[in-house]
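One structure below.
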Amino acid sequence: MEQSTSLSAAQRAKIRRLVAPREISPDEEGGELNIIPFLDIITNILIFVLATIAVTFTATINTTPPSSGGKGVRKDIQSMALNLTILIVNDGFSIKAAGGNVAPGCTGPGVGIAIPKRGGQYDYEALNACGSKLKSASPDFADENQFYVTANPGTDYQTIVSVIDALRVDMRDKSKTLFTDVAFKVPL
Amino acid sequence: MSSTTPGSPASAPIPKFKAELRKAVRRNAAEHEVNFLNITAMLDIMTIILVFLLKSLGESSASVPQNDDLRLPKSIVQSQPSEEGVVVTVSKSQILVGDKKVLDLPGRESLAQTGVGAQEKRSGPNDVYIVKLGNALQAARKTDRRVREAKGLDASTSEAIIVADATSPYRLLIEVLFTLGQNEFGKYHMMVMQGKEIPR
């Protein structure tokens, strides 16, 4: 009875033969390109690129071609215009407006450097305050958003950009826009 | 019909043989089961992302390489960078229109006094028109005019993106802007890096 339920050697051999994994024939082997090593490399490059990208946020300041001697591209401005011009010199900011040259301290018309350097550095806060004061001097200047910049030939680009920034909005009241459009003058 | 394997009197019955065969098949199948994570699909996606990133970074004019020769000025302006226009790059050592080098620049002291130099000007040291830059811009303007006409934009003037080093002297900047203006470039976008406060 016991003998009739156990498998014979031939049956066991047949089972082994039937369940053995099928050998892959040479023509079946290598039918698909193994791209995993390549993808591993790509993954490493991806991680490297993502880790080394310097996240810098850029912006642009819009302007028009520079003018020479008061001529050039300029928006239509009424006759009662402020015509603000900032001259960047080695000692500070000289400011010219409708009433002529602005006196030191931005106190009114007069000769001299309107905003002298403070501690050897350009005083952007004082420039902002002066710009705000000049713009609010008359209701006629309320819609005027353009100003001129000119500078000593050696003035660096960063200082020019900082002056444009300083006159963009009132630092004490950020909702108050001062001068958003800038035009350059060719130094004579 | 015999219930054993033919030719083997001591063999188990066929149902028993089949049951053993099924068991063996199941056991063998379990042994060959793939027991590792298949990440090929994920890697496919990452490859596509990598290609997309590299392509978009390379084509964007907002991606400016920052190095010792070219470092953008910082500004508090928050506007989106304009990507319309011919890119004019002014580094410490050279001027480029697009990717093409136009001019090598002298030292900063010389730049601050006479700009790019009298030999590069139209009529002497006091002129502010740079001839080589002007020639390159004329060619760029022709191409840009055709592009603008094809796009249905105003082709009467072109736009330029100025990418200049923060230490560039005003004299050089004016010469570049003036030369652009003389070649029918009517609007400029000066590229800056966004910052939180006005740098000293």
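From first to last, the protein sequence lines stand for chains A and B. Residues in the first sequence are numbered from 5 upward in steps of one, following the numbering used here. Residues in the second sequence are numbered from 2 upward in steps of one, following the numbering used here. Ideal Cβ placement from N, Cα and C applies to all residues, glycine included.
Problem set entry | the segment 149 to 165 of chain A contacting the segment 176 to 183 of chain B, beta-carbon criterion three pairs below 8 angstroms | no
For this session: Please list, in chain order, all residues of the same chain as Gly116 of chain B whose beta carbon is under 6 angstroms from its beta carbon, the five residues on each side excluded.
Result: The count along the second sequence starts at 1 and reaches residue 116 of chain B at position 115. Setting aside the 5 residues that flank it on each side, Gly116 of chain B is surrounded in the same chain by Arg172, Leu173 and Glu176, each with a C-beta closer than 6 angstroms to its C-beta; the list follows chain order.
Exercise. DSSP beta-bridge partners for Ile245 of chain A?
Worked result: This structure cannot settle anything about residue 245 of chain A, because the visible part of chain A is limited to 5 through 192.
Exercise. Touch check for the segment 139 to 150 of chain B and the segment 184 to 195 of chain B: three-plus C-beta pairs under 8 angstroms?
Worked result: yes
Problem set entry | Residue-level contact to chain B via CB, Phe61 of chain A, 7 angstroms cutoff | Residue mapping note: residue 61 of chain A aligns to position 57 of the first sequence, counting from 1. Yes, its Cβ sits closer than 7 angstroms to a Cβ of chain B.
Exercise. Got a sec? Which residues, its chain only, sit under 6 angstroms from Asn87 of chain A by beta carbon, not counting five neighbours each side?
Worked result: Here residue 87 of chain A refers to the residue found at position 83 when the first sequence is read from its first residue. These residues qualify, in order along the chain: Ala102.
Exercise. Chain B beta carbons: is any one of them nearer than 7 angstroms to that of Asp169 of chain A?
Worked result: Walking along the first sequence from the start, residue 169 of chain A turns up at place 165. Chain B, which has a Cβ nearer than 7 angstroms to the Cβ of Asp169 of chain A, makes this yes.
Problem set entry | Interface residues of the segment 159 to 188 of chain A facing chain B [CB-CB below 8 angstroms] | Thr159, Asp160, Tyr161, Gln162, Ile164, Val165, Ser166, Ile168, Asp169, Ala170, Arg172 and Phe188
For this session: Using 10 angstroms around the beta-carbon of Gly135 of chain A, count the other beta-carbons present and answer buried if the total reaches 16, otherwise exposed.
Result: Your numbering for residue 135 of chain A matches position 131 in the first sequence. Buried: at least 16 other Cβ atoms inside 10 Å.
Exercise. Considering only the beta carbon of each residue, do Val91 of chain B and Ser169 of chain B sit closer than 7 angstroms?
Worked result: Indexing the second sequence from 1 puts residue 91 of chain B at position 90. Indexing the second sequence from 1 puts residue 169 of chain B at position 168. Yes, these two residues count as a Cβ contact at 7 angstroms.
For this session: Could you confirm whether any beta carbon from chain B is found closer than 7 angstroms to the beta carbon of Arg78 of chain A?
Result: Locating residue 78 of chain A in the first sequence gives position 74, where the first residue counts as 1. Any answer about Arg78 of chain A is weak, because its pLDDT of 48 lies below 50 and its placement is not dependable; what the coordinates show is given next. Not closer than 7 angstroms to any Cβ of chain B, the Cβ of Arg78 of chain A fails to qualify, so no.
Exercise. What is the DSSP secondary structure of Ile175 of chain B, reduced to helix, strand or coil?
Worked result: As a working note, residue 175 of chain B is residue 174 in the second sequence. In the displayed model, Ile175 of chain B falls within a helix according to three-state DSSP.
Exercise. For Gln67 of chain B, which three-state DSSP category applies?
Worked result: On the second sequence, residue 67 of chain B is found 66 positions in, with the first residue counted as 1. Reduced to three states, the DSSP call for Gln67 of chain B is coil.
Exercise. Using a Cβ-Cβ distance under 7 angstroms, would Ala13 of chain B count as near chain A?
Worked result: Here residue 13 of chain B is taken as the residue at index 12 of the second sequence, counted from 1. At least one chain A Cβ lies under 7 angstroms of Ala13 of chain B.
Problem set entry | Within 7 angstroms, strictly: CB atoms of Pro74 of chain B and Val193 of chain B | Looking up residue 74 of chain B in the second sequence gives position 73. Looking up residue 193 of chain B in the second sequence gives position 192. Val193 of chain B sits close to Pro74 of chain B, with the two beta carbons spaced by under 7 angstroms.
Problem set entry | Where Asp166 of chain B meets chain A, residues with beta-carbon distance less than 8 angstroms | In the second sequence, residue 166 of chain B corresponds to position 165, counting from 1. Neighbours of Asp166 of chain B on chain A, chain order: Tyr161.
Exercise. Closest Cβ-Cβ distance between Tyr128 of chain A and chain B: below 7 angstroms?
Worked result: Position 124 of the first sequence, counting from 1, holds the residue named residue 128 of chain A. For Tyr128 of chain A, the nearest CB of chain B lies under 7 angstroms from its own CB, placing it at the interface with that chain.
For this session: Have a look at Ile46 of chain A and Leu37 of chain A and give me their C-alpha separation to the nearest angstrom.
Result: The count along the first sequence starts at 1 and reaches residue 46 of chain A at position 42. The count along the first sequence starts at 1 and reaches residue 37 of chain A at position 33. Answer to the nearest angstrom: the Cα atoms are 16 angstroms apart.
Exercise. In or out: Met191 of chain B buried (at least 16 other Cβ within 10 Å) or exposed?
Worked result: As a first step, residue 191 of chain B must be located in the second sequence, where it is residue number 190. Classification for Met191 of chain B: buried.
For this session: Return the residue from the list A:Asp144, A:Ser98, A:Val190 and A:Thr64 that minimises the CA-CA distance to Ile77 of chain B.
Result: Along the second sequence, one-based indexing puts residue 77 of chain B at 76. Measuring from the Cα of Ile77 of chain B, the nearest candidate turns out to be A:Thr64.
Exercise. Taking a cut of 8 angstroms between CB atoms, which residues from the segment 80 to 105 of chain B lie near chain C?
Worked result: No chain C appears in the structure shown, which is made up of the protein chains A and B.
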